[in-house]
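When you line the sequence shown up against our numbering, it's residues 37 to 104, in that order.
All residues carry an ideal CB built from backbone N, CA and C; glycine is no exception.
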Amino acid sequence: MGNFCWELYCLEHGIQHGGMISAGSTSLADSSFGTFFSETGTGAGKYVPRAVFIDLEPTVVVTRTVSP
């Protein structure tokens, strides 16, 4: 579930798989962009998520511990 959320956030904000912003994206002007992403600090324009989602709901935890 958490991975799906980040994929959606990246799609909505124009972030590519490598953390770079898509050409023509207006995400930096969006006020919510800084809520989810921060620049790596290298000056290369690469962005990373600012949060980690952990699902502790019991059926999810049991499914993950039982599955191969």
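- Excluding five sequence positions before and after Ile-51, the CB atoms of its chain that fall closer than 7 Å to its own CB belong to Ile-57, Phe-73 and Tyr-83, given in chain order.
- Here DSSP, grouped into helix, strand and coil, assigns Glu-93 to coil.
- Residue burial is scored here from C-beta neighbours: His-53 has fewer than 16 other C-beta atoms within 10 angstroms and is therefore classed as exposed.
- Taking the C-beta atoms as reference points, Trp-42 is found nearer than 7 Å to Pro-85.
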